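K.L.:
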Amino acid sequence: MATSGLRLDDGEAALRGGYSGPVFKPGDSGASALVGRLVGAGGLMVMPPAGPKLTAEEIGVIRAWIDRGAKWPRSAETASTPNPRSDHWAFQPLRASRDGSIDDFIRARLTKEGIAPSPEAPRSVLLRRLSLDLTGLPPTPEELRAFLSDERPDAYERHVDRLLASPHYGEKWARQWLDLARYADSDGYEKDWVRPHAWRWRDWVINALNRDMPFDRFTVEQIAGDLLPDATVEQRVATGFHRNTLTNREGGVDNEQFRFEAVVDRASTVGTVWLGLTFGCAQCHDHKYDPISQKEFYQLYAFFDNAMEVDIDAPVGGEIGPWLRTRAEYQAKREALLKEYGVAPLQEDWERRVLAAAEQPGRWTDWDLAWDCVLKLTEAGDGARIVRKPPAARTPRERDILIDHFVRNYHFAVGRKTYNEARFDELDKKLRALKAEYPQLTQAYAIAEETEPRKTHLRVRGDYQTPGIPVVPGTPAVLPPLPAGAGATRLDLARWLVSRDNPLTARVVVNRIWQEYFGHGFVKTSEDFGTQGERPSHSELLDWLAASLMDDGWSLKALHRRIVLSETYRQSSHERPELKDQDPDNRLLARQARLRLPAESIRDTALAAGGLLDTRVGGPSVRPPQPAGVAELGYANSVKWTASDGRDQYRRGLYIHFQRTTPYPLLANFDAPKGTVTACRRERSNTPLQALNLLNDPVFLEAARALATQLTVNPGEFEERLRTAFLRVLSREPDSTETNRLRKYLLTQKAIFERDRTAAEALAPGAPDPVGTASWTALASVLLNLDEFVVRE
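So for the sequence shown, this note's numbering puts the first residue at 85; every next one is plus one.
(1) So, under 8 Å CB-CB, Trp261 and Val304 are touching, yes? Tell me the CB distance rounded to an integer number of Å.
(2) Leaving out five residues on either side along the sequence, give the residues of the same chain with a beta carbon under 7 Å from the beta carbon of Gln306.
(3) Indicate whether Gly360 and Asp612 have their beta-carbon atoms separated by less than 8 Å.
(4) Does DSSP put Lys608 in a helix, in a strand, or in coil?
(5) Could you tell me the alpha carbon to alpha carbon distance between Asp755 and Pro251, rounded to whole angstroms?
(6) Taking only the alpha-carbon atoms, compute the straight-line gap between Leu247 and Ser215 and give it to the nearest angstrom.
(7) Within the stretch 726-764, note down every full alpha helix (DSSP H) run reaching 4 residues or more, in order along the chain.
(8) Where does Met634 fall in DSSP's three states?
(9) Would you mind reading off the limits of the beta strand (DSSP E) that contains Thr540?
(10) By the DSSP assignment, the alpha helix (DSSP H) with Pro133 in it spans what residues?
(11) Can you tell me whether Leu262 is helix, strand or coil according to DSSP?
(12) Which runs of the alpha helix (DSSP H) fall wholly inside the stretch 669-696 and span at least 4 residues, in chain order?
(13) Return the first residue and the last residue of the alpha helix (DSSP H) that Val594 is part of.
(14) Exposed or buried, what is Ser233 when buried is set at 16 or more other beta-carbons lying within 10 Å of its beta-carbon?
(15) Please report the residue range of the beta strand (DSSP E) in which Tyr529 lies.
(16) Name the DSSP bridge partner or partners of Val278?
(17) Of the choices Lys641, Gly546, Ala570, whose alpha-carbon is the least far from that of Ala258?
(18) According to DSSP, simplified to helix, strand and coil, what is Lys109?
(19) Assign Arg409 to buried or exposed, taking buried as 16 or more other Cβ atoms, counted over all protein chains shown, within 10 Å of its Cβ.
(20) CB-CB under 8 Å to Met634, same chain, minus the five flanking residues each way: which ones, in chain order?
(21) Which partner residues does Glu397 have in the DSSP bridge list?
(22) Considering just the uninterrupted stretch of the beta strand (DSSP E) at Val555, what are its terminal residues?
(23) Compute the distance between the beta-carbons of Val582 and Phe299, then report whether it is under 8 Å.
(24) Classify Thr479: buried if its beta carbon has 16 or more other beta carbons within 10 angstroms, exposed otherwise.
(25) Within the same chain, show all residues whose beta-carbon is closer than 7 Å to that of Ala292, passing over the 5 residues directly before and after it, in chain order.
(26) Could you pull the start and end residues of the alpha helix (DSSP H) that Pro237 belongs to?
(27) How would you call His622, buried or exposed, if buried means at least 16 neighbouring beta carbons within 10 angstroms?
(28) Please report how far the alpha carbon of Leu791 lies from the alpha carbon of Thr219, in whole angstroms.
(29) Restricting to Cα atoms, I'd like to know which of Glu142, Arg507, Gly546 is closest to Phe363.
(30) Check this for me: beta carbons of Leu750 and Arg687, under 8 Å apart or not?
(31) Do Arg736 and Glu684 have their CB atoms nearer than 8 Å?
(32) What number of angstroms, rounded off, separates the C-alpha of Trp725 from the C-alpha of Tyr748?
(33) Within 8 Å, do at least three Cβ pairs link the stretch 271-287 to the stretch 367-374?
(34) Any chance the stretch 377-393 sits against the stretch 529-541, with 3 or more Cβ pairs inside 8 Å?
(35) Does the contact criterion of 3 or more C-beta pairs under 8 Å hold for the stretch 205-212 versus the stretch 807-827?
(36) Using DSSP with H/G/I as helix, E/B as strand and the rest coil, what is Arg876?
See below:
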């Protein structure tokens with residue numbers, strides 16, 4: 085793009101010209117500014133200003149081309165649609181599957197390269213690997229003993245099925261999907277307001293995975309659950325996938341700009357999550373490398389352009405009965421308070437004024453800031469829609485939302501002109517207290533279709549203020565078209581994404597799941613299956629697994645089972661000297677991979693070792709204790725972090741409240757994504773800060789102390805206690821060298837704490853034997869700081 089805005093590599097852009105207008109007139113070279121610039125007509129600077137000038141012959145060719153109509157190789161009316169034909173592997177149909185297995189494909193490649201596979205891992209390692217991979221939690225000592233003593237030929241298979249049936253399976257694999265969906269519990273941007281109901285969609289994902297909802301249904305309900313016939317509440321909750329976009333609530337923002345940004349994000353995210361393509365690169369211009377035109381990006385955008393954000397009642401088990409029984413009494417008391425404080429006439433006047441202000445967007449009035457508040461009235465940002473509704477057409481919930489907002493913001497909206505601010509503050513407190521006394525229904529963030537369709541336009545240079553040609557919903561020409569007769573709704577898009585004709589979705593899904601088991605996918609760039617991404621290491625196996633996924637009714641559990649039952653998965657992860665030269669990155673899979681655990685699993689595993697982990701599934705997000713200074717990093721002290729009480733402090737990392745601007749430190753230190761854009765794979769860094777986290781974070785100290793307390797509360801020999809500690813932390817028994825070294829370490833610690841009993845009592849407060857408990861706490865901390873603890877072998 086030149087500084088003048090003139091672009092000559094694209095037909096439509098060239099016809100449009102630069103910032104000063106068109107540079108050539110098709111059919112009339114004499115009236116074309118381009119020719120004038122080339123010859124220096126009228127004293128103009130000859131272009132190009134530096135370097136050799138065009139020859140008379142070259143200028144003559146350009147004149148003749150303009151006089152013949154300036155036909156571009158690609159017609160401008162197509163908005164620069166590239167040639168849809170592509171030989172790139174990812175756009176080709178899946179190759180017909182053949183009989184075989186994962187091991188057949190892997191072994192055939194290893195044989196070709198002259199490499200032998202690794203032997204099977206020891207059974208204790210295998211169970212720890214399997215448990216961490218399928219549930220994110222280590223096996224208990226009891227589970228480990230049961231597996232090691234089970235001599236049945238199908239013992240391993242039985243444990244696979246047990247773990248797949250565990251409710252913790254859904255928690256483990258939901259985390260990957262939440263990364264893709266850029267899930268967070270707050271808005272992002274400067275204000276970063278809390279989203280108190282975001283967890284409802286997160287729990288929908290967990291439940292769907294635990295039920296083994298077929299992935300095609302999983303897709304349809306999240307993309308367009310609201311458009312299904314007689315959509316249920318749960319199907320509407322599923323559309324919360326689209327509500328994970330960032331929301332800017334700063335004063336004075338252009339709400340249309342950020343609506344546009346949200347729709348762009350939704351289109352880009354869907355393109356990457358399901359198709360494995362960098363669709364967002366075509367927002368401002370044709371994709372530079374892949375056959376995706378700017379017009380096609382906005383055709384995908386158009387599927388989401390008519391979606392509006394809504395909040396819905398989404399009760400969970402046991403809520404409806406108490407709510408129904410108390411609703412009339414609650415509403416009566418609420419109406420009495422509103423009448424006592426004379427809200428109705430003031431609110432009617434307020435609504436008239438803000439609507440009048442909205443009709444004059446270019447003119448400042450006392451109500452401009454009030455209207456800005458209304459636009460952001462709910463977490464959904466649909467306050468303007470509610471205000472514009474006739475009062476009689478509003479639902480009871482919409483009336484309550486509007487009244488609550490009016491009461492809380494009236495003094496700001498009217499510049500304190502006509503009412504006592506203290507009176508409304510008093511009313512606000514009473515309304516909040518009343519609401520807290522009565523059962524309320526859980527809410528969820530969802531989307532729904534606007535009643536009046538928007539007209540979607542391509543945005544020139546990606547600028548929302550510069551609409552170009554109109555576009556209608558559509559799919560890229562390089563991929564199979566929508567079925568004949570299909571409409572152009574989000575529901576049609578969702579069904580197209582998971583059709584058997586689509587060559588990408590099944591491949592992308594299989595690749596992402598495979599990378600969780602082996603550290604990298606067949607395609608290492610799991611976010612980019614385009615021409616700039618890496619080619620698959622085992623293309624036939626990728627296609628075979630993708631076809632198998634569809635043949636199995638899109639069952640994800642069947643795919644997981646197929647992978648973990650393979651001999652390839654069960655190999656030892658020990659490095660072999662000969663592989664360092666032949667396959668240093670383990671792309672050929674002659675061994676398993678040693679993988680550092682995800683952030684959430686590191687914390688969960690420590691709490692499980694100490695017997696502290698609360699394994700309840702689902703529910704609102706929690707806030708474990710964290711250093712006070714972390715929350716203070718939020719803008720203008722806007723982030724409040726009140727630590728959760730009791731068992732909630734020890735819930736799984738999946739349920740930790742994720743504040744986009746100030747995330748929980750342990751999650752950030754161990755590479756949890758920021759929740760701002762889709763994350764197809766997590767980085768695995770290794771930093772000194774992580775070591776300090778394991779050594780000093782209170783959660784690991786608590787886990788070590790809890791484990792030490794359990795070891796010392798019952799009488800026992802050192803060897804037995806150490807064996808129990810190893811089984812709890814590392815899922816194995818110590819060897820003789822480890823036993824001897826840790827015996828000496830424990831004696832050293834006891835001597836230190838005997839000399840400083842105050843330090844012992846500080847480390848083990850309330851313990852019957854503070855010296856013994858403090859010493860074992862120090863030993864347990866050593867185990868929790870081992871590389872082996874944070875690594876899945």
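Ideal Cβ placement from N, Cα and C applies to all residues, glycine included.
A quick note: this is a predicted structure, and the numbers were derived from the prediction, not measured.
P.N.:
Result, derived from the coordinates:
(1) For a cut-off of 8 Å, the C-beta gap from Trp261 to Val304 is around 15 Å, too long to register as a contact.
(2) So the list reads Ala322, Thr323, Phe325, once near-sequence residues are dropped.
(3) Less than 8 Å divides the Cβ of Gly360 from the Cβ of Asp612.
(4) Coil, per DSSP.
(5) Answer to the nearest angstrom: the Cα atoms are 25 Å apart.
(6) Spanning the two alpha carbons is a distance of roughly 7 Å.
(7) Within the stretch 726-764, the complete alpha helix (DSSP H) segments of 4 residues or longer fall at 749-753, listed in chain order.
(8) Assignment of Met634 by DSSP, reduced to helix, strand and coil, places it in the helix class.
(9) DSSP places Thr540 in the uninterrupted beta strand (DSSP E) bounded by 540-543.
(10) It is not in any alpha helix (DSSP H) - Pro133 carries neither H nor E in the DSSP assignment.
(11) Helix, per DSSP.
(12) As for any alpha helix (DSSP H) of minimum length 4 sitting wholly inside the stretch 669-696, the runs are 683-693, ordered along the chain.
(13) Element bounds for Val594: 589-602.
(14) Taking every protein chain shown into account, the CB of Ser233 has fewer than 16 other CB atoms within 10 angstroms, so this residue is exposed.
(15) Here the beta strand (DSSP E) through Tyr529 covers 527-533.
(16) Ser270, per the DSSP bridge assignment.
(17) Nearest option by C-alpha distance: Lys641.
(18) Three-state DSSP puts Lys109 in a strand.
(19) The residue is exposed, with fewer than 16 neighbouring Cβ atoms inside 10 Å.
(20) Around Met634: Arg584, Ala590.
(21) Looking at the sequence itself, residue 397 is Asp, so the reference to Glu does not match. Per DSSP, Gln527.
(22) Looking at the DSSP string, the run of the beta strand (DSSP E) that includes Val555 is 551-555.
(23) In contact: Val582 and Phe299 (Cβ atoms closer than 8 Å).
(24) For Thr479, the number of other beta carbons within 10 angstroms of its own is below 16, and it is reported as exposed.
(25) Phe302, listed in sequence order.
(26) Pro237 -> no alpha helix (DSSP H), and no H or E assigned at all.
(27) In summary, His622 is buried, with 16 or more beta-carbon neighbours lying within 10 Å of its beta-carbon over all protein chains present.
(28) Straight across, the Cα-Cα distance linking Leu791 with Thr219 is about 22 Å.
(29) For the options Glu142, Arg507, Gly546, the alpha carbon positioned closest to that of Phe363 is the one of Gly546.
(30) In contact: Leu750 and Arg687 (Cβ atoms closer than 8 Å).
(31) In this structure, Arg736 places its C-beta atom within 8 Å of the C-beta atom of Glu684.
(32) Cα-Cα distance, rounded: 10 Å.
(33) As far as the Cβ criterion goes, the stretch 367-374 does not touch the stretch 271-287, which means the pair count is below three.
(34) A contact exists between the stretch 377-393 and the stretch 529-541.
(35) With a cut-off of 8 Å, the stretch 807-827 and the stretch 205-212 count as touching, because enough Cβ pairs lie within range.
(36) Assigned with DSSP and collapsed to three states, Arg876 falls in strand.
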